[in-house]
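>
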Amino acid sequence: MKADYQFSSQTTEDNIAGLQTLTALIDAGADPLLEDNEGFNALMRSDVGTAHYYRIEARIKELVEGTPCVLATAKGCTDKEIAFAEKFKSRTAEELDAEITRLSSLLKSTAADSLKPDVRHWLRQRRNVLAQLKDAARVPQLQAALAQAVAAEDYAKAAELKSQLKQLKPEL
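For the sequence shown, the working numbering begins at 382 and goes up steadily by one.
1) For a test of the three-state rule: what should DSSP assign to K470, helix, strand or coil?
2) Any idea if V510 is buried or exposed, counting beta-carbon neighbours within 10 angstroms, 16 or more meaning buried?
3) On the DSSP letters alone, give me the boundaries of the alpha helix (DSSP H) that L549 sits inside.
4) What is the rounded straight-line gap between the Cα of R508 and the Cα of S485?
5) To the nearest angstrom, report how far apart D494 and A532 are at their CA atoms.
6) Just grab the DSSP bridge partners of V451 for me.
7) Identify whether L496 lies in helix, strand or coil by the three-state DSSP scheme.
8) Output the distance between the C-alpha atoms of V520 and L549, rounded to the nearest integer angstrom.
9) Would you say L542 and A518 are within 8 Å of each other, going by their C-beta atoms?
Laid out in structure tokens, this is it:
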């Protein structure tokens with residue numbers, strides 16, 4: 382079935398349901414650049430100027446500017462990211478969380494669109510590094526809480542804490 386763009390701006394029940402499905406897929410992390418059978422991607426299928434179009438465009442920008450740095454192995458990390466991690470690794474989880482919140486709000490603000498792409502990319506890299514440091518800072522706290530739960534024979538709490546630890550450090 383070929384797309385007929387003459388009528389794409391009309392809001393039929395099928396069109397609305399299709400947009401809701403596509404929006405849900407994009408929000409769940411689907412790649413909007415994948416092409417369908419006719420060679421169109423999600424951005425080509427949406428009407429310019431709609432909220433749906435801007436959501437897809439934002440997801441594409443997020444994918445293009447994504448950061449592959451993994452601090453535990455230093456895989457994909459730049460020297461700048463490693464130096465930044467060294468500077469912040471002594472901070473508490475609360476301080477890291479405050480900085481992550483600040484960076485996230487800056488990236489979501491309307492001012493983020495006026496930033497140069499390399500500056501916006503560095504903000505995302507910093508947020509990624511801080512999130513990994515925050516998770517690493519939580520591991521000793523969770524391990525101590527797990528030991529206390531086991532000592533108190535609270536196995537339900539211990540199972541929950543062990544699950545949280547597995548999410549942060551799968552090798553445990």
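By construction, the Cβ of each residue, glycine as well, lies at the ideal position given by its N, Cα and C atoms.
Values in this document were obtained by computation on a predicted structure and should not be read as measured data.
Concretely, from the data shown:
1) Coil at K470, not helix or strand.
2) So V510 ends up on the buried side.
3) For L549, the enclosing alpha helix (DSSP H) has its first and last residue at Y536 to L549.
4) If I take the Cα positions, the gap works out to 7 Å.
5) Rounded to the nearest angstrom, the two C-alpha atoms are 52 Å apart.
6) Its beta-bridge partners are K456.
7) Reduced to three states, the DSSP call for L496 is coil.
8) Their backbone Cα atoms lie some 7 Å apart in a straight line.
9) Taking 8 Å as the Cβ cut-off, L542 and A518 do not qualify as a contacting pair.
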